[in-house]
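Asker:
Protein chains in written order, with this note's numbering: chain A, 1 to 170; chain B, 1001 to 1277.
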């Protein structure tokens, strides 16, 4: 059940992100909801599940829009893994920590993407990219994560309840 | 599963190495793998549905909010249609004349009509870095890799991957490949590629430093291009910059196609790269 729900969330997020989300862009920047999915689940479920979800989210992006297969998958997996490290340290009811984590996570994700995709091609004007892509996207994504994390939190609680019920029956 | 649980620590580095291998192997692949094509086959109709609904809602929403503007625009367009109609009639006469004269001179028509197929954009890249998008026609409709994509304004890009019912298009404002180009007025040659440091713009590189290229010049694809047919408008020169080496200079080009509001495109279903071989 959990696997199924997570897969549906990942696919649904990808479809929404690639179609509808371009209509709510601000200064040509769309929020990166894929990172919110990765970080939320990593924060609620721990490093290994986070890494798995990050990999799945990344590979679907790679298949559709990637220049090569594996770039987003690798970055997504690492994001999920490192954010999942905080799983044991905080209560999942805490809504501020995911916000901060999304902020830092998105920034590092986009920074890594810049380094591996543009810097190696010789685009050295980091400040320009910081201003036009990385910072706006980070801010927008972090803002949106406040709402999305709540939704994912509720879904996770429901799943937890279901799993506990099953344990009682059998 | 137990094996994975016992060797948890090795899983992450192992998958990371696997990713790196996949990256290096998939950099220049000719066709999408069966796995990719399958996922595309299932997901692209959903994306198509979603996009058409979104477009419909936003167009209705826009119509409601700018009804006044639309009325004014309608007036203007009517006037324009009238003037264009007269222009068309005049051009028809010229075309007839041209035909007769070129028959006399036995010149093949240079810009013959290429077979085209219309397609709708169904999804756009999720990241903010690139401008890759999917269209709703694939190998099913005769689309192949390296076919050229145009829109009403001019050149859009090329097909990089053709799935069964979807294709992946990379636009010219993306960096990776360059297009052989020339200035229509002066015939100066150069290569146009996307300019990441001026978002939404292109850069024409390797223009001879003596070239008399100017602001406002129209840039079209040249006959030297490997996959693009000659004579397709790319854009207009916005600015000219001198390179450090003083042998060449480069021009910043505003594309004629409005990439932000692109909804439909045309694909030229003639593979020029194939013809060359």
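Note that the Cβ used here is the ideal one computed from N, Cα and C, for glycine as well. Quantities reported herein were computed from a predicted structural model and do not represent experimental measurements.
1. For residue 68(A), name the three-state secondary structure that DSSP assigns.
2. Are three or more beta carbon pairs between the stretch 1183–1197 of chain B and the stretch 1209–1226 of chain B nearer than 8 angstroms?
3. Using a Cβ-Cβ distance under 9 angstroms, would residue 1107(B) count as near chain A?
4. With residue 134(A) and residue 103(A) assumed to form a contact (beta carbons below 8 angstroms), what rounded beta-carbon distance in angstroms separates them?
5. Interface residues of chain A around residue 1040(B) at Cβ under 9 angstroms?
6. Residue 163(A) by DSSP, collapsed to three states: which one?
7. Nearest chain A C-beta to residue 1241(B) closer than 9 angstroms, yes or no?
8. Against residue 1197(B), what residues of chain A qualify as contacts under a CB-to-CB distance less than 7 angstroms, listed in chain order?
9. Go ahead and pull the three-state DSSP assignment for residue 1107(B).
10. In whole angstroms, give me the CA-to-CA distance for residue 1090(B) and residue 1083(B).
11. How about residue 112(A): is its C-beta nearer than 9 angstroms to some C-beta of chain B?
12. Comparing C-alpha positions only, which one of 143(A), 116(A), 129(A) and 114(A) sits nearest to residue 101(A)?
13. Rounded to whole angstroms, what is the Cα-Cα separation between residue 1207(B) and residue 1190(B)?
14. Using a beta-carbon distance below 9 angstroms, is residue 79(A) in contact with chain B?
15. Flag residue 1171(B) as yes if its beta-carbon sits less than 9 angstroms from any beta-carbon of chain A, otherwise no.
16. Would residue 1125(B) count as contacting chain A if we go by Cβ distances under 9 angstroms?
17. Note down, in chain order, all residues in the stretch 1016–1035 of chain B with a beta-carbon under 9 angstroms from any beta-carbon belonging to chain A.
18. Does DSSP put residue 1(A) in a helix, a strand or coil?
19. Buried or exposed, going by whether 16 or more other CB atoms sit within 10 Å of the CB of residue 24(A)?
20. Under a CB-based cut-off of 9 angstroms, is residue 1248(B) close to chain A?
21. Please state the DSSP three-state secondary structure of residue 1235(B).
22. Can you say whether residue 1(A) is buried or exposed, counting buried as having 16 or more other CB atoms within 10 angstroms of its CB?
23. In this structure, what does DSSP give as the bridge partners for residue 1156(B)?
24. Under the three-state reduction of DSSP, which class applies to residue 1266(B): helix, strand or coil?
25. CB residue 1174(B) to CB residue 1194(B), shorter than 9 angstroms?
26. Does any residue of chain A bring its CB to less than 9 angstroms from the CB of residue 1167(B)?
27. Run through the DSSP bridge pairs and tell me what residue 1171(B) is partnered with.
28. Are the stretch 1048–1055 of chain B and the stretch 9–24 of chain A touching by the rule of at least three beta carbon pairs closer than 8 angstroms?
Answerer: Looking at the coordinates:
1. The residue labelled residue 68(A) in the question sits at position 68 within the first chain. Note: residue 68(A) maps to coil in three-state DSSP.
2. yes
3. As a working note, residue 1107(B) is residue 107 in the second chain. A caution first: residue 1107(B) carries a pLDDT of 49, below 50, which makes its placement in the model unreliable, though a value can still be read off. No, residue 1107(B) lies away from the interface with chain A (no Cβ there is under 9 angstroms from its Cβ).
4. One-based indexing of the first chain puts residue 134(A) at position 134. One-based indexing of the first chain puts residue 103(A) at position 103. That belief does not hold up - the Cβ atoms of residue 134(A) and residue 103(A) are roughly 12 angstroms apart, past 8 angstroms.
5. Taking the first residue of the second chain as position 1, residue 1040(B) is located at position 40. Per Cβ cutoff of 9 angstroms: 63 and 64.
6. Here residue 163(A) is taken as the residue at index 163 of the first chain, counted from 1. Three-state DSSP puts residue 163(A) in a helix.
7. The sequence position of residue 1241(B) within the second chain is 241, counting from 1. By this cut-off, residue 1241(B) is not an interface position.
8. Working through the second chain from its first residue, we reach residue 1197(B) at position 197. Near residue 1197(B) (Cβ distances below 7 angstroms), the residues of chain A are 123, 125 and 128.
9. Working through the second chain from its first residue, we reach residue 1107(B) at position 107. Low confidence applies here, because residue 1107(B) scores a pLDDT of 49, under 50, leaving its location unreliable and the question unanswered by this model.
10. Mapped onto the second chain, residue 1090(B) falls at position 90. Mapped onto the second chain, residue 1083(B) falls at position 83. For residue 1090(B) and residue 1083(B), the distance between alpha carbons rounds to 11 angstroms.
11. Stepping through the first chain from its first residue, residue 112(A) is reached at position 112. No, no contact with chain B.
12. As a working mapping, residue 101(A) is identified with position 101 in the first chain. For the residues 143(A), 116(A), 129(A) and 114(A), the minimum Cα distance to residue 101(A) belongs to 143(A).
13. For the purposes of this step, residue 1207(B) is identified with residue 207 of the second chain, where counting begins at 1. For the purposes of this step, residue 1190(B) is identified with residue 190 of the second chain, where counting begins at 1. The straight-line gap from Cα to Cα measures roughly 5 angstroms.
14. Along the first chain, read from residue 1 onward, the residue named residue 79(A) stands at position 79. Output row for residue 79(A): interface = no.
15. As a first step, residue 1171(B) is located in the second chain; it is residue number 171 there, counting from the start. Cβ-Cβ to chain A under 9 angstroms: no for residue 1171(B).
16. In the second chain, residue 1125(B) corresponds to position 125, counting from 1. By this cut-off, residue 1125(B) is an interface position.
17. 1016, 1018, 1019, 1020, 1021, 1022, 1023, 1024, 1025, 1026, 1027, 1028, 1029, 1032, 1033 and 1035
18. Looking up residue 1(A) in the first chain gives position 1. Note: residue 1(A) maps to coil in three-state DSSP.
19. Counting from 1 along the first chain, the entry for residue 24(A) is found at position 24. Residue 24(A) comes out exposed.
20. For the purposes of this step, residue 1248(B) is identified with residue 248 of the second chain, where counting begins at 1. Judged by the 9 angstroms Cβ criterion, residue 1248(B) is not in contact with chain A.
21. Position 235 of the second chain, counted from the first residue, corresponds to residue 1235(B). Strand at residue 1235(B).
22. The count along the first chain starts at 1 and reaches residue 1(A) at position 1. It counts as exposed.
23. Within the second chain, the letter at position 156 stands for residue 1156(B). Beta-bridge pairing links residue 1156(B) to no other residue.
24. Numbered from its first residue, the second chain carries residue 1266(B) at position 266. In the structure shown, residue 1266(B) sits in a strand (DSSP, three-state: E or B).
25. Start at 1 with the first residue of the second chain, and residue 1174(B) comes out as number 174. Start at 1 with the first residue of the second chain, and residue 1194(B) comes out as number 194. Yes, they are a contact pair.
26. As a first step, residue 1167(B) must be located in the second chain, where it is residue number 167. Not closer than 9 angstroms to any Cβ of chain A, the Cβ of residue 1167(B) fails to qualify, so no.
27. To locate residue 1171(B), count along the second chain from 1; it is residue 171. Residue 1171(B) is bridged to 1157(B).
28. yes
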